[in-house]
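Residue numbers (the working numbering): 7 to 699. Built from N, CA and C at the ideal position, the CB exists for glycine as well. This one's a predicted model, so the numbers in the text were calculated from it and none came from an experiment.
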């Protein structure tokens, strides 16, 4: 029931004063002789009395208190675990009967004025006919399903959740750990009797391996009812058997390991398949196969670290570089180690060229091999010799040294520094740099600036030069070993220092990216239940990013099947969602015409077939029992739907009445203005019509 009430901010006795003012005004105006009849005169006086009294009443600041009520019917949600395991390991006839019985139960509840809703795994808008639901979801997260129901019906009269499930959970946390503000009525399906089966439960391997190396791939077998027998496990690539092993299944062990050694040949993503040959009497062979996707890369990047003399910086630099497992360093110090004539990818030259002889061999190697290099300047550096190298910066110094700290150049975006870099750089102790003037060439960028005390300068501390496909870098500081030591002491790691050095090495070893179209998946690996998204970047001739380009993307699978997508890259939304794909290795090609020129890009990605639903064939009714017990209910079976209906109807399925109150100024009601205006206009018209004087 809705209601409203008038409230004044002053004493209600003042209303009498308002009426008195209205009456006085009307008497003074209409007590005189008039050219119209007494009936009209009394009517006009009444109008004037009402208008004046009400206007005076508005001066008291009256408020309108409005109370509205609404009724919410009780709601029961039918939550269905529509995962593949329910259909795989439940009796199909019993499951169909359970679905039909639940739909009939829904109809009877609706007839008794109880609202019902349907929710399923990973489906925001499931079929409202429970008998027509399909069990195709590839993973089970009951905790998320129940939490989503709590969120969706938080403001509604939710009295209970009927959960049809086999209790098998393979994603998320166990739902028994959470507290739910509603009663759960679990209905158990599936079979709790262990099946006679052989399961290839998992594969363990390194996802990145070096070409030419043999890497381990270990398969984990689970078996039930096959103890004392032998099975054959095969390793295949592109349908070709690479290795085959015969495994004796031990009666007293349900889990066994099967190791393989695989040669990583070629480069790129490789698809391997491990398969257990089916045995007679197996319950299902869906869980006999697993896929492994290996990214085969070139051998480790070799980095020459050469120095004029031993220095603590060298150990810090090598530790930072080797924090990336893809990098390995080799040290050369004249007189202490021998310089090997081998293929290096990049060089780090500490105080080379130097004032003392001995480092010419490393400099000659860098020059002959045209290696990208990181030059580190220190007190023993030959500044004149360094200037002759033309690595993007020229130093004019009187021979004096200065102590500075570092600050990030916010305009540098070639690579990203760690998020915590700004804060940690402030904590670094000062490093020694040559005092003087610095001149940068046009193809050189500044990564770090020098800061003297609290004053930031425009003098560079770390620079990167790009000439064609080659890059060089120069760090003008000596004593940076203290940076790594200080960061480790303060934060238990040297993430910023290590990331800065490894980013520099990666930048030096990578050729300059001249692509004007860059299309790539957000992730390199997806699960077969994931939605796959691609992003795109387009650049003009000046390598400035542009938008609105029409891009064609073609996805091709292992078996040659392909799909094409067309989209435009936007400034705020630059990609496309291509949905989910079956497991496998996929290649893609993208093309677009940018200012009339055809630009292309290509790459590859992997979709893993998880097969989570085929791993566990035994239903977990104990989990469902705990869910019901924790919320004040019990466990039901499909044959007990009549008892479930009685319990649902005997529960407190009452309507909830909600009330809301609002308090508004009476003067804010616009319709009152028009009422008063109509009364005043009517009074004026009558007076004029009847000859007012």
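Suppose the cutoff is 6 Å on Cβ atoms and the five residues either side in sequence are ignored; what does the same chain contact list for residue 469 look like?
398, 399, 450, 452, 480
Give the straight-line distance between the Cα atoms of residue 208 and residue 615, rounded to the nearest whole angstrom.
12 Å
Does the stretch 133-143 come into contact with the stretch 106-113, if we say contact requires no fewer than three beta-carbon pairs (one atom in each stretch) closer than 8 Å?
yes
In the structure shown, what three-state DSSP assignment does residue 155 receive?
Correct three-state label for residue 155: helix.
Length of the line joining the Cα atoms of residue 467 and residue 412:
Straight-line Cα distance between these residues: approximately 7 Å.
Start-to-end residues for the beta strand (DSSP E) that takes in residue 569
568-574
For residue 12 and residue 61, what's the separation of their Cα atoms in angstroms?
Annotation: residue 12 to residue 61 spans about 15 Å, alpha carbon to alpha carbon.
What number of angstroms, rounded off, separates the C-alpha of residue 176 from the C-alpha of residue 96?
17 Å
Is the CB-CB distance between residue 309 and residue 335 below 8 Å?
The answer is yes: Cβ separation under 8 Å.
Could you tell me which whole beta strand (DSSP E) segments of length 3 or greater appear in the stretch 355-433?
If we require 3 residues or more, the beta strand (DSSP E) runs fully inside the stretch 355-433 come out as 379-382, 399-402, 407-414.
Rounded to a whole number of angstroms, what is the C-alpha to C-alpha distance between residue 181 and residue 651?
24 Å
8 Å Cβ cutoff, residue 271 in contact with chain B
Judged by its chain identifiers, the structure shown contains no chain B, having just a single protein chain.
What whole-angstrom Cβ distance do residue 229 and residue 269 have, given they're in contact under 8 Å?
29 Å between Cβ atoms; not a contact.
With DSSP as the reference, identify every bridge partner of residue 455, one or two as the case may be.
413, 466
Just to confirm my understanding: we take residue 532, look at its own chain, exclude 5 residues before and 5 after, and list those with CB closer than 6 Å. What are they?
538, 613
Rounded C-alpha distance that separates residue 42 from residue 692
10 Å
Taking its Cβ as the centre, do 16 or more other Cβ atoms sit within 10 Å of residue 505, making it buried, or is it exposed?
buried
Going along the chain, which residues of its own chain have a beta-carbon closer than 8 Å to the beta-carbon of residue 457, five neighbours each way excluded?
410, 411, 412, 413, 463
Residues that residue 675 bridges to, as DSSP identifies them:
DSSP output for residue 675 lists no bridge partner at all.
Assess contact between the stretch 657-671 and the stretch 66-86, defined as three or more Cβ pairs (one per stretch) separated by less than 8 Å. Is contact present?
yes
Range of the contiguous alpha helix (DSSP H) that encloses residue 63:
44-64
Do residue 101 and residue 127 have their CB atoms nearer than 8 Å?
no
Where the alpha helix (DSSP H) through residue 95 begins and ends:
90-95
With 16 as the cutoff for other CB atoms within 10 Å, does residue 17 come out buried or exposed?
exposed
Would residue 527 be called buried (16 or more neighbouring beta carbons within 10 Å of its own) or exposed?
buried
To the nearest angstrom, how far is it from the Cα of residue 562 to the Cα of residue 596?
One Cα belongs to residue 562, the other to residue 596, and the distance between them is close to 12 Å.
Residue 229 in three-state terms, based on DSSP:
strand
I'd like the ranges of any alpha helix (DSSP H) spanning at least 4 consecutive residues and lying wholly in the stretch 582-652.
Listed in chain order, the complete alpha helix (DSSP H) runs (minimum 4 residues) inside the stretch 582-652 are 627-636.
One or two residues paired with residue 84 in a DSSP bridge:
According to DSSP, which records beta bridges pairwise, residue 84 is partnered with 124, 168.
What are the boundary residues of the alpha helix (DSSP H) that residue 137 is part of?
From DSSP, residue 137 is part of no alpha helix (DSSP H); its letter is neither H nor E.
Cα-Cα, which of 641, 555, 634 is closest to residue 603?
555
Using 10 angstroms around the beta-carbon of residue 6, count the other beta-carbons present and answer buried if the total reaches 16, otherwise exposed.
Residue 6 lies beyond the range of the chain shown here (7 to 699); nothing can be said about it.
For residue 222, which option in 204, 266, 241 has the closest C-alpha, if you only look at C-alpha atoms?
The candidate whose alpha carbon is nearest that of residue 222 is 266.
Consult DSSP for residue 215 and reduce its assignment to one of helix, strand or coil.
strand
When the distance is taken between beta carbons, is residue 477 closer than 8 Å to residue 378?
yes
Is it the case that the stretch 381-396 contacts the stretch 350-359, given that we only count it when at least three CB pairs across the two stretches are under 8 Å?
Output reads yes: the stretch 381-396 touches the stretch 350-359.
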